[in-house]
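The sequence shown maps to residues 22 to 320 in the numbering used here. All residues carry an ideal CB built from backbone N, CA and C; glycine is no exception. Beneath this line is the structure, given in structure tokens, with notes to follow.
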Amino acid sequence: MGPIGMSSLWLYVAVVLIWGSTWIAITFQLGKVPPEVSVAYRFALASFFLLAWCRARGLRLAFPWRDHLWIALQGLLLFGINYVCAYLAEGRINSGLVALIYSLMALLNILGARMFFGTPLKPTAVLGATLGISGLALVFLPELSHPSHMRPTAFGIVLALVGTVSASLGNMVAARNYGCGLPVVQLNAFGMLYGALLVGLYALCIGQPFVFDGSARYLLSLSYLALFGSVFAFGAYLTLIGRIGVDRAGYAMVAIPMVALLISTLFEGLPWRSYMLLGAGFCVAGNALVVQRRKEGVT
């Protein structure tokens with residue numbers, strides 16, 4: 022059964038566990054193949070699987086050109102810029118810490134929903150934003166205080182922040198597309214195809230070679246990222262957006278970095294210090310406040 026047939030709770034659990042583990046899988050992609058090319062491979066493969074599944078199920082694949090423009094924008098933001106920045110950031114800072122930065126998407130989704138859809142801004146969002154930003158500062162400022170670490174770490178942080186903004190904007194476009202009646206599976210299939218094509222074009226323009234790594238490490242991580250991290254997780258997440266709204270779907274962004282940080286501790290030897298624990302706690306608490314549901318007087 023596909024993600025659309027699952028309950029919202031199981032969709033949420035699937036998103037958290039899969040995306041919490043993809044951050045470490047991305048590190049297996051870094052090396053022989055340029056990051057931009059790996060992103061293009063990942064979403065080209067994911068798109069192929071989705072389009073083949075749509076064809077086998079007889080799902081509609083013809084959409085007006087105006088819809089394709091919006092789908093292409095979603096692909097550029099959500100599957101293109103977002104992941105190029107994430108891959109490049111992981112070449113400079115720990116994968117779990119990149120995931121922690123991306124948790125700010127919960128805040129950005131709330132602000133975006135307010136800006137683009139008129140969703141009321143909750144008072145707790147201000148406190149949550151303050152806690153989240155303070156938490157990130159606690160985690161990274163000590164690292165940035167070392168001159169030898171400052172330049173690559175700072176650039177990695179900037180890349181992750183740019184990717185987070187792009188992903189949040191992509192969520193806004195996805196919410197708009199879903200709200201206009203575009204089906205999730207086809208939306209993802211074409212969005213990933215456009216993302217792969219646009220990133221591939223960018224890689225060609227900057228002179229990146231389209232080489233391939235045939236090692237088991239690369240092939241297994243590419244398959245996992247394409248099938249689970251892209252096909253299934255994005256289908257589950259965008260289905261959640263359609264069911265419960267972009268702001269409440271942001272709850273996943275609170276739990277994902279905790280899974281990513283745990284995995285990073287186990288496999289990358291992430292060294293935990295007291296200020297990092299405090300900062301991560303602030304960041305998670307801030308995001309939890311940001312996505313907290315407003316209590317209703319009568320239910």
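Leu246 places its beta carbon less than 8 Å from that of Thr43.
For the pair of segments examined, the stretch 237 to 245 was found to touch the stretch 32 to 51: the number of CB pairs separated by less than 8 Å reaches three.
Its Cα nearest to that of Ser236, the residue Gly52 stands out among Gly52, Gly41, Leu125 and Trp40. Taking a 10 Å sphere around the C-beta of Ser295, we find fewer than 16 other C-beta atoms and assign the residue as exposed.
The beta-carbon separation of Ala67 and Gly221, rounded to 14 Å, does not stay under the 8 Å limit for a contact. Within the model, the alpha-carbon separation for Trp31 versus Leu99 is close to 23 Å.
Met136 counts as exposed, since fewer than 16 other C-beta atoms from the protein chains shown sit within 10 angstroms of its C-beta.
Shortest Cα-Cα distance from Leu180 to any of Pro144, Ile114 and Ala127 involves Ile114.
The C-alpha of Tyr223 lies about 39 Å from the C-alpha of Lys143. Val119 places its beta carbon less than 8 Å from that of Ala110. For Thr43, the uninterrupted alpha helix (DSSP H) segment begins and ends at Ser29 to Thr48.
Put simply, the backbone Cα of Trp40 is about 30 Å away from that of Ala83. Annotation note: the stretch 182 to 233 contains no uninterrupted beta strand (DSSP E) run of length 3 or greater. Taking C-beta atoms as the reference points, Tyr33 and Ala273 count as a pair closer than 8 Å.
In this structure, Asn103 places its C-beta atom within 8 Å of the C-beta atom of Gly191. Non-local beta-carbon contacts of Leu218 in its own chain, meaning distances under 7 Å to residues more than five positions away in sequence, are absent. Between the alpha carbons of Ala73 and Phe231 lies a gap of roughly 24 Å.
With 16 or more neighbouring CB atoms inside 10 Å of its own CB, Pro55 falls in the buried class. Distances from the alpha-carbon of Asn198 to those of Ala306, Gly96, Leu121 and Leu225 put Gly96 closest. Excluding the 5 residues flanking it on each side, Glu289 has same chain C-beta neighbours closer than 8 Å at Ile45, Thr48, Asn115, Ser116 and Gly117, in chain order. Here Leu38 has Val280 as same chain residues with Cβ atoms under 8 Å from its own Cβ, once five neighbours each way along the sequence are excluded. Rounded to the nearest whole angstrom, the CA to CA distance from Leu310 to Phe303 is 11 Å. Collapsing the DSSP output to three states places Leu82 in coil.
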